[in-house]
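Number of protein chains: 2
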Amino acid sequence: MFVAIDGGGTKSRVLITNEDGVVLSYFEGPGLNINVLGNKSFEENIKQVIWRISKDFDIEDHLFCFGLAGASKNEEKISGILKRIGVKKFKVLTDIEATFLALGGGDDCIIVSSGTGSFAYGQRENLKYRAGGWGYLFDDEGSGYWVGRKALKYAFMSIDGRIGKTILVKRLEELFQVDSLEKAIPLIYSEYKLPRKTAELALIVKKSAEEGDNISLLILKEAAQELFKLVDTVACNLKLTKEDSFHVYGTGGFLSNVKCVEDILREKILKKYPCFIFEIRNIPSIIGSLLMCYKVKFNRIDKDFLKKVIQGYKQMKK
Amino acid sequence: MFVAIDGGGTKSRVLITNEDGVVLSYFEGPGLNINVLGNKSFEENIKQVIWRISKDFDIEDHLFCFGLAGASKNEEKISGILKRIGVKKFKVLTDIEATFLALGGGDDCIIVSSGTGSFAYGQRENLKYRAGGWGYLFDDEGSGYWVGRKALKYAFMSIDGRIGKTILVKRLEELFQVDSLEKAIPLIYSEYKLPRKTAELALIVKKSAEEGDNISLLILKEAAQELFKLVDTVACNLKLTKEDSFHVYGTGGFLSNVKCVEDILREKILKKYPCFIFEIRNIPSIIGSLLMCYKVKFNRIDKDFLKKVIQGYKQMKK
Chain A
79 MFVAIDGGGT KSRVLITNED GVVLSYFEGP GLNINVLGNK SFEENIKQVI WRISKDFDIE
139 DHLFCFGLAG ASKNEEKISG ILKRIGVKKF KVLTDIEATF LALGGGDDCI IVSSGTGSFA
199 YGQRENLKYR AGGWGYLFDD EGSGYWVGRK ALKYAFMSID GRIGKTILVK RLEELFQVDS
259 LEKAIPLIYS EYKLPRKTAE LALIVKKSAE EGDNISLLIL KEAAQELFKL VDTVACNLKL
319 TKEDSFHVYG TGGFLSNVKC VEDILREKIL KKYPCFIFEI RNIPSIIGSL LMCYKVKFNR
379 IDKDFLKKVI QGYKQMKK
Chain B
79 MFVAIDGGGT KSRVLITNED GVVLSYFEGP GLNINVLGNK SFEENIKQVI WRISKDFDIE
139 DHLFCFGLAG ASKNEEKISG ILKRIGVKKF KVLTDIEATF LALGGGDDCI IVSSGTGSFA
199 YGQRENLKYR AGGWGYLFDD EGSGYWVGRK ALKYAFMSID GRIGKTILVK RLEELFQVDS
259 LEKAIPLIYS EYKLPRKTAE LALIVKKSAE EGDNISLLIL KEAAQELFKL VDTVACNLKL
319 TKEDSFHVYG TGGFLSNVKC VEDILREKIL KKYPCFIFEI RNIPSIIGSL LMCYKVKFNR
379 IDKDFLKKVI QGYKQMKK
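What follows is the structure, given as C-alpha cells:
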C-alpha cells in the first residue's frame, strides 16, 4: 500500500491508496515545513501524522512518499527523523518535485507556478533546473503576492501623483471600505503583512484590467514577463532550443485564474519556443507524491493508476 | 523658554533652550508615534516625557513644539491628550514638517529624504505637497530599504540565471559568512524582516557599484530615478517650472552617503529644472521643531537663533 504525505508550513495532507490506486484514506494534519517549524516541532508533527496512520494501518508494510516544503537542504536530517520514529520504506521529495510529478505525470516537462509565490522547475533526461521560489521577502516575481503588492504601490503612487490615474484606487477603497485610500493605511499595515492576504488583491487587478485600466494591465503584463523569465531560464538550462517540442504546464491560483496573464505568457513562450505546448493544469502535489510511491515500487509510471487516483482523490474531497 | 520634542516609533528626543537659543537640556525618551503605539501607550509615554521636563522646569511657562511621526491624521486626538495632561502652549507638526523646517530654516524649499524610508515634501507660499512616505510595505521607492531589497532580489535572480552575473552574490556571501548564498536564506528570513536591517545592505550595493558591478550601478540609477520622481511630483504640485529658481535639499542616511545617487539625482533635477539648486543637508528634525517654537513666539524666523541652536545641539551631542 502507498502513503503520500504532503507538508506545507501550516498544514499537511495524507493520502493512502492500495497498489491499484483505490483510495483508502485521506486526512489533513499539522504543518510539516522543517524550515518554518524547526527540528523539534517538525519531529512532533510528523510523529502525530504517523501515529494517526498507524491506528488503521500497519506502517511497516507501507511505502511512504513525502513531498515537503523546506526539504531541499534538509534531506538527511528528515531521513534521520523518519528512521528514528519507525518509518522504514520512504522517499523524500521537495514540494516542487511533487508538483512536477503531479502535473507531468512522470514525463519530462517544465512547470511554472504562480499562486501566492512563484517558481519554475523542469526536468529533461538527466537535467533538472529550478528558477525563482526564493520566497516573498525579496523574490516571488510575477506571483499573486507580487501583483497585490504592486496594486497597493501603484495606487499610492497614483494618489500622490507620481503616476497617472488608476481605477485601482477606487477598487481598493471599496474593498477596505474607506472613502479615501489613505485612511486604510493602518488596516493595511495591520492585516496585509502576510503574503497570502496581499495575494488576494491580485483579483482586483484582474477585474480592473478587464475594465480597461491601463495601470492594472501594465501590472499583469509585467507579471507575465516575470513568469516568462522563469520559464525561459529553466528552458535554457535544460538546453532546450526553438527546434524542441516540450510541454510547459502553468499552475497556481493566480496564473490559473487570470486568463490574460496565461495568454500573454503563452504568447511569449511560443515566440521564443514555437514548438512548445503551454497549458494550465492544476493537480494537487499529493498526487505527485503518490505517483512516486508507484514509481519506487514498480520502477515505472502507469497512466491508468494516475487517472484512477486523481478520480478517487476528487471524490474524497467532495 | 522653548521645548522641542521629536517622536518616532522607538524613541523620542527632547531639546530645551531659552529664547536666545542657549541649550538648557537635552535627553532621549520613549517612542511617540501614535499609529505605532496606540492611544493609550502614546499617552503613557508622553506623560513620562512631560514629567521628566517638569522636574527641572515649570511647564506652564514653556512653549512646546512637537514633531511627531504619525501626527498627520491624529492632530485633534494628540491635542486632546496634551491638554488633558497639562501642556497649555503647544504646536504639533508631523516629523516631515519638522525636518522641512530644519533643512530649509524657514524658507520655502523642497526636501527629499532617503534613509530607511523615502519621501519628498515642499512648501511654496501657500502650497504644500508631499509625495511618497507611505511606508515599507508597498512604497519607499528609492530608499535604503528599497535598495537593500533589490540587492537580495537581484543576487538570487543572478544565482538561478534570470539575470547576468553580479559581484553582489559574493559580497552578500561574505556578509552572511556562507560559502553559497542559498545557505543564508534561513538567516535572511529570520533577521531581515525589519526594513532597517535590510537598508543596511544598501552600502554593499554602493561598494559593488564602485567596483564597477553593472547590476549594482543599475540599482543605484533606479533609486536616483525614483527619488527624482518624488522631487518632480512635488515640484509640479508647487507649480514650479523650468524658469523658477528653488532650493532642493537631500537628506537621509542613504542619499547622504552614496555620492553617485546624489550626483545622478542632481543631474536629473537640473535637466528638468535648470535654475534649481540641489544640495545635501543633514540637520536633525528637532532643530525644526525648536525653530517652530521661535516662530510661534516671535512670528518670524531668526537665522542667528538657528545657527546658535545647531551649534549648541552639536556640542550637547558630543
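Note that the protein sequences, when read in sequence, are chains A and B.
So the number in our numbering is just where the residue sits in the first sequence, counting from 1, plus 78.
So the number in our numbering is just where the residue sits in the second sequence, counting from 1, plus 78.
Where is the CB? At the ideal position from N, CA and C, for every residue including glycine.
Quick one: measure Cβ to Cβ for residue i and residue j, integer angstroms, because I've assumed they're closer than 8 Å.
i	j	result
Thr-276 of chain A	Gly-328 of chain A	The Cβ separation is near 21 Å, so there is no contact.
Lys-284 of chain B	Val-336 of chain B	5 Å
Ile-241 of chain A	Ile-293 of chain A	7 Å
Gly-239 of chain B	Ala-209 of chain A	7 Å
Ala-245 of chain B	Glu-289 of chain B	Sequence check: residue 245 of chain B is Ile here, not Ala. So it is a contact: roughly 6 Å between Cβ atoms.
Phe-383 of chain B	Gly-182 of chain B	Contact doesn't hold; Cβ gap of about 15 Å is too wide.
Please state whether the Cβ-Cβ distance between residue i and residue j is less than 8 Å.
i	j	result
Ser-191 of chain B	Asp-218 of chain B	no
Ala-180 of chain A	Leu-369 of chain A	yes
Leu-250 of chain A	Leu-259 of chain A	yes
Val-374 of chain B	Lys-169 of chain B	yes
Phe-80 of chain B	Leu-171 of chain B	no
Glu-106 of chain B	Lys-89 of chain B	yes
Gly-222 of chain A	Ala-280 of chain A	yes
Val-101 of chain B	Gly-390 of chain B	yes
Cys-371 of chain A	Cys-143 of chain A	yes
Arg-202 of chain A	Leu-348 of chain A	no
Tyr-232 of chain B	Ile-282 of chain B	no
Ile-342 of chain B	Lys-299 of chain B	yes
Gly-193 of chain B	Gly-331 of chain B	yes
Asn-360 of chain B	Ser-334 of chain B	yes
Lys-83 of chain B	Phe-135 of chain B	Contrary to the premise, residue 83 of chain B reads as Ile rather than Lys in this sequence. No, they are not a contact pair.
Val-387 of chain A	Cys-187 of chain A	no
Ile-159 of chain A	Glu-122 of chain A	no
Gly-406 of chain A	Ile-358 of chain A	The requested residue 406 of chain A is not part of the displayed model; chain A covers only 79 to 396.
Ile-266 of chain A	Leu-230 of chain A	yes
Ser-367 of chain B	Gly-200 of chain B	no
Provide the residue(s) that pair with residue i in DSSP beta bridges, ordered along the chain.
i	result
Cys-143 of chain A	A:Ala-82 and A:Lys-169
Arg-208 of chain A	A:Tyr-199
Measuring from the CB of residue i, is there a heavy atom of the ligand MN at a distance below 7 Å?
i	result
Val-101 of chain A	This structure lacks the ligand MN; in fact it carries no ligand of any kind.
contact_flag[the region 156-163 of chain B, the region 120-132 of chain B] where n(CB pairs < 8 Å) is 3 or more: yes
Uninterrupted alpha helix (DSSP H) stretches inside the region 294-358 of chain B (no shorter than 4 residues): 331-335 and 337-350
Beta strand (DSSP E) segments (min. 3 residues) lying fully within the region 82-118 of chain B: 89-95 and 101-108
The region 310-326 of chain B contacting the region 170-177 of chain B, beta-carbon criterion three pairs below 8 Å: no
The region 291-308 of chain A contacting the region 250-270 of chain A, beta-carbon criterion three pairs below 8 Å: no
Segment contact flag, the region 143-159 of chain A with the region 109-119 of chain A, C-beta cutoff 8 Å, min 3 pairs: yes
Minimum length 4: unbroken alpha helix (DSSP H) runs contained in the region 149-194 of chain B: 153-162 and 173-182
Cβ contact (3+ pairs, closer than 8 Å) linking the region 204-216 of chain B and the region 352-362 of chain B: no
Proximal residues, the region 271-303 of chain B versus chain E, C-beta separation under 9 Å: No chain E is present in this structure, whose protein chains are A and B.
Those runs of the alpha helix (DSSP H) which lie wholly inside the region 355-396 of chain A and span at least 4 residues: Counting whole runs of 4 or more residues, the region 355-396 of chain A contains the alpha helix (DSSP H) stretches 363-376 and 381-395.
Segments of 4+ residues assigned as alpha helix (DSSP H) that fall wholly inside the region 213-253 of chain A: 222-237
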